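Colleague:
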Amino acid sequence: KPQDNQLQFLIIPLMSPGHYIPTIDMAKLLAQHGVKVTIVTTPVNALRFGSILDQAVQSGLPICFLEFPLPSTEFGLPEGCESLDDLPNLGLAKELFLAQSSLQQQVEQYIENSEPKPSCILSGTFLQWPAETAKKFQIPRIIFDGMNCFTQMINHVLYLTKVYESVGESESFVLPGLPDRIELTRSQLSFAFNSSGSKEVKEFHEKVRVSESEAYGVIINSFQELEQGYSDEYQKIKEDKVWCVGPLSLCHKDVSEKALRGNKPSINKNECLKWLDSKDNASVIYACLGSISRMEPDQLVELALALESSNRPFIWVVRAGHKTPKIEKWIEEDGFEERTRDRGLLIRGWAPQLLVLSHPAIGGFLTHCGWNSTLEGVCAGVPMVTWPQFQEQFYNEKLVVQVLRIGVSVGAQSVVHWGEEEKSGVQIKSEELRKAIEMVMEEGKEGEERRKRAKELGKMAHKAVEEGGSSHQNMRRLIEDIRNQSSTRNSS
Ligand code: UDP
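Quick note: the sequence shown, position 252, residue 256 per full-length UniProt numbering, numbers continuous.
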């Protein structure tokens, strides 16, 4: 049998849209560089996220799914529940991680039987078994979990200095040793450092940290120029094994690719484009809070009222979920939809976010600051209204508002704990939301400068992924590194 010299990357993504979506982008990019990619998945996820992949495969790219059934019910999850966004509440996240861990044996069997073995394994830190598997087969493991260098540096400083331990819940403190003066309160820290996190959660995060420190390197969905000081520092800490290869979403060039990315959209692509085409340039505010964050209907009502009182055209994505009937009832009975019909577009379920954001009619993005969404906003060159919910979203807000100066905060104060999202009540009133929207959309000097900076960053993002751009070069550097690793292993 001739020796197959083609590199093979095995990707084990966490089962959540925020992880799956960039994984498929990454697979596409790697395949365009001639690397064979295998993505470990489950039947429901393969169906949900397969369309963009099908397209890539049809165009001859060497990507495939390695599909294993997920024993959801054995772990106390509803039948067919195979992704974080399907969970009845995020408090069940642990059960989902455990269910996914039960795939370890099957993945190892696959590796055992494959010749040659995968050249490297890409996985997030929330799943720890891929680290064991990689060790067992002596395959380099690279972390790919959708965080930027800014967040990595904040986590690094928090672990190193434990500066948060001596402050009260809502007292703000400065993170020492960072290129900018970043202040946070303890209540805004991710679960690993937040004082209300349980012992179990803390132990879990300690394991995450160890697993991170043992990895061969880290792939970052960002570009160096966006967070230069932070990426340089992080590079030093990781002894040059950091590869900023993003923005990954820019691998989707045409309208139909953009419309297909992620889940099947709940709105027809042409209908969406027609609506956007009918609006003036930079006039629409697009409000979407990601794929997993959930809010009380009362809080959603505040958001709806803010959009209404902004008197501007808007797109509001109302996520599907078991509380939807309540908000739907309000939308209809209160007459919200009727009152805003001429200037509001409601997308119930999944929005074709890339398609929407890249349309010139979009003038502002109200986001929960998930890193994918934030970076997609940067690529689109639009200023943002920031409304973080949990995990590192408060850090991303700092990057957007304070460092890049392309956003306005709605003033969220503390993380919402998983499992308690739906008890969190009203945190931000419609008036505060309206004010932040107004600041982002206004035509005055400050708004103008914010828009200009956002546009410049958008251009830089596109440049980074072009031939010769920093991310393009980093992708080559990554592949070269793994190639060298693999030939050293094969010859020893
Ligand atoms: N997304 C989308 N349509 C939606 C909601 C989300 O396409 O209606 C995509 C969005 O473009 C992004 C991802 O889902 O790529 C969400 O990831 P992010 O990191 O922003 O947040 P998360 O959902 O993980 O909190």
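All C-beta atoms, glycine included, are put in the ideal place defined by N, C-alpha and C.
Predicted model only: the values in this text are computed from it and were never measured.
Counting only runs of 4+ residues fully inside the stretch 193-245, write out the alpha helix (DSSP H) ranges in chain order.
Modeller: 203-218, 232-241
Colleague: State buried or exposed for H37, treating a residue as buried only when at least 16 other CB atoms are found within 10 Å of its CB.
Modeller: Indexing the sequence shown from 1 puts residue 37 at position 33. Burial call: exposed.
Colleague: Measure the alpha-carbon distance for Q489 versus Y220 and round it to whole angstroms.
Modeller: The residue given as residue 489 occupies position 485 in the sequence shown. The residue given as residue 220 occupies position 216 in the sequence shown. Spanning the two alpha carbons is a distance of roughly 11 angstroms.
Colleague: Looking only at C-alpha atoms, which of L350, N285, S215 sits nearest to I271?
Modeller: Against the sequence shown, residue 271 aligns to sequence position 267. I271 has its Cα closest to that of L350, out of L350, N285, S215.
Colleague: Just how far apart, CA to CA, sit E300 and V430?
Modeller: Locating residue 300 in the sequence shown gives position 296, where the first residue counts as 1. Locating residue 430 in the sequence shown gives position 426, where the first residue counts as 1. Distance between the alpha carbons of E300 and V430 is about 7 angstroms.
Colleague: So, helix, strand or coil for Q142, using DSSP?
Modeller: The count along the sequence shown starts at 1 and reaches residue 142 at position 138. Look at Q142 here: in three-state DSSP terms it is coil, with no helix or strand label.
Colleague: Keeping to the same chain, check which residues put their C-beta closer than 6 angstroms to that of L482; ignore five residues upstream and five downstream.
Modeller: What you label residue 482 is simply residue 478 of the sequence shown in a count that begins at 1. Excluding residues within five positions, the ones whose Cβ falls inside 6 angstroms are W247.
Colleague: Could you check what DSSP says for W320 in three-state terms: helix, strand or coil?
Modeller: Locating residue 320 in the sequence shown gives position 316, where the first residue counts as 1. Here W320 sits in strand by DSSP.
Colleague: Taking C-alpha atoms, which residue in V48, L94, P66 lies nearest to E83?
Modeller: One-based indexing of the sequence shown puts residue 83 at position 79. Cα-wise, what sits closest to E83 is V48.
Colleague: Exposed or buried, what is G172 when buried is set at 16 or more other beta-carbons lying within 10 Å of its beta-carbon?
Modeller: For the purposes of this step, residue 172 is taken as residue 168 along the sequence shown, with counting starting at 1. Result: exposed.
Colleague: Does T155 pass the burial test, meaning 16 or more other C-beta atoms within 10 Å, or should it be called exposed?
Modeller: The count along the sequence shown starts at 1 and reaches residue 155 at position 151. Buried.
Colleague: Starting from T390 and walking both ways along the beta strand (DSSP E), at which residues does that stretch end?
Modeller: Here residue 390 corresponds to residue number 386 of the sequence shown, with the count starting at 1. Annotation for T390: the continuous beta strand (DSSP E) segment containing it runs 388-390.
Colleague: Buried or exposed: where does K402 fall if 16 or more other Cβ atoms within 10 Å of its Cβ makes it buried?
Modeller: Locating residue 402 in the sequence shown gives position 398, counting from the first residue. It is buried - the Cβ of K402 has at least 16 other Cβ atoms within 10 Å.
Colleague: Just to confirm, does N376 get its C-beta within under 7 angstroms of one of the non-hydrogen atoms of ligand 1?
Modeller: Along the sequence shown, read from residue 1 onward, the residue named residue 376 stands at position 372. For ligand 1, at least one heavy atom lies less than 7 angstroms from the Cβ of N376.
Colleague: At what residues does the alpha helix (DSSP H) containing T344 begin and finish?
Modeller: Numbered from its first residue, the sequence shown carries residue 344 at position 340. Per DSSP, T344 belongs to no alpha helix (DSSP H) and is neither H nor E.
Colleague: Output needed for L94: all residues of its chain with C-beta closer than 8 angstroms, excluding positions within five of it in sequence on either side, in chain order.
Modeller: Within the sequence shown, residue 94 is the residue found at index 90, counting from 1. Around L94: L88, I296, R298, W422, G423, E425.
Colleague: Taking buried to mean at least 16 other C-beta atoms within 10 Å of its own C-beta, is R345 buried or exposed?
Modeller: Within the sequence shown, numbered from 1, the residue matching residue 345 stands at position 341. It counts as exposed.
Colleague: Helix, strand or coil: which one does DSSP assign to V41?
Modeller: Along the sequence shown, read from residue 1 onward, the residue named residue 41 stands at position 37. Three-state DSSP puts V41 in a strand.
Colleague: In whole angstroms, what separates the C-alpha of C68 from that of G181?
Modeller: For the purposes of this step, residue 68 is taken as the residue at position 64 of the sequence shown. For the purposes of this step, residue 181 is taken as the residue at position 177 of the sequence shown. Taking the straight line joining both Cα atoms gives about 43 angstroms.
Colleague: Thinking C-beta only, is E436 closer than 8 angstroms to G411?
Modeller: Within the sequence shown, numbered from 1, the residue matching residue 411 stands at position 407. Within the sequence shown, numbered from 1, the residue matching residue 436 stands at position 432. Their beta carbons are not under 8 angstroms apart, which means G411 does not touch E436 by this criterion.
Colleague: Should N9 be labelled buried (16 or more other beta-carbon atoms within 10 Å of its own) or exposed?
Modeller: Along the sequence shown, one-based indexing puts residue 9 at 5. So N9 counts as exposed.
Colleague: Tell me which residue opens and which closes the alpha helix (DSSP H) that A440 is part of.
Modeller: Walking along the sequence shown from the start, residue 440 turns up at place 436. Here the alpha helix (DSSP H) through A440 covers 434-445.
Colleague: Going by the C-beta, is G22 closer than 7 angstroms to any heavy atom of ligand 1?
Modeller: Indexing the sequence shown from 1 puts residue 22 at position 18. Judged by the Cβ position, G22 qualifies as a neighbour of ligand 1 at the 7 angstroms threshold, a heavy atom of the ligand being closer than this.
Colleague: For I486 and L14, which I take to be in contact (beta-carbon distance under 8 angstroms), what is that distance rounded to the nearest angstrom?
Modeller: The residue you call residue 486 lines up with position 482 of the sequence shown. The residue you call residue 14 lines up with position 10 of the sequence shown. Wrong, their Cβ atoms sit about 12 angstroms apart, outside the cutoff.
Colleague: Only counting the same chain, and skipping five residues up and downstream in sequence, which positions put a Cβ closer than 8 angstroms to that of residue 2?
Modeller: Outside the displayed span of the chain (5 to 496) sits residue 2, for which this structure offers no information.
Colleague: Looking at V246 and ligand 1, is the gap between the Cβ and the nearest heavy atom below 7 angstroms?
Modeller: Here residue 246 refers to the residue found at position 242 of the sequence shown. Not under cutoff, so the answer is no.
Colleague: Compute the minimum distance between the beta carbon of W391 and the heavy atoms of ligand 3, and state whether it is under 7 angstroms.
Modeller: As for ligand 3, it is missing from this structure, which binds only ligand 1.
Colleague: Can you tell me whether DSSP reads A365 as helix, strand or coil?
Modeller: The count along the sequence shown starts at 1 and reaches residue 365 at position 361. Reduced to three states, the DSSP call for A365 is coil.
Colleague: Please decide whether V222 counts as near chain B, where near means a Cβ-Cβ distance under 8 angstroms.
Modeller: Structure shown: chain B not included; a single protein chain is present.
Colleague: Can you give the Cα-Cα distance for S105 and L18, rounded to whole angstroms?
Modeller: Locating residue 105 in the sequence shown gives position 101, counting from the first residue. Locating residue 18 in the sequence shown gives position 14, counting from the first residue. Spanning the two alpha carbons is a distance of roughly 10 angstroms.
Colleague: Between the Cα of D302 and the Cα atoms of E216, W334, S194, which residue gives the shortest distance?
Modeller: The count along the sequence shown starts at 1 and reaches residue 302 at position 298. Per the Cα distances, W334.
Colleague: May I have the straight-line CA-CA distance separating V389 from L370, to the nearest angstrom?
Modeller: On the sequence shown, residue 389 is found 385 positions in, with the first residue counted as 1. On the sequence shown, residue 370 is found 366 positions in, with the first residue counted as 1. Approximately 4 angstroms, taken between the alpha carbons.
Colleague: Taking the Cβ atom as the reference point for each residue, do L252 and M30 lie within a distance shorter than 8 angstroms?
Modeller: Locating residue 252 in the sequence shown gives position 248, where the first residue counts as 1. Locating residue 30 in the sequence shown gives position 26, where the first residue counts as 1. A contact, by the Cβ cut-off of 8 angstroms.
Colleague: Please classify L51 as buried or exposed, where buried requires at least 16 other C-beta atoms within 10 Å of its C-beta.
Modeller: Within the sequence shown, residue 51 is the residue found at index 47, counting from 1. With a 10 Å radius around the Cβ and a threshold of 16 neighbouring Cβ atoms, L51 comes out exposed.
Colleague: Based on DSSP bridge pairs, tell me the residues matched to F69.
Modeller: Sequence index remark: in the sequence shown, residue 69 carries index 65 (1-based). Its beta-bridge partners are I43.
Colleague: With 16 as the cutoff for other CB atoms within 10 Å, does R480 come out buried or exposed?
Modeller: By 1-based counting over the sequence shown, the position of residue 480 is 476. Exposed, since its Cβ has fewer than 16 Cβ neighbours within 10 Å.
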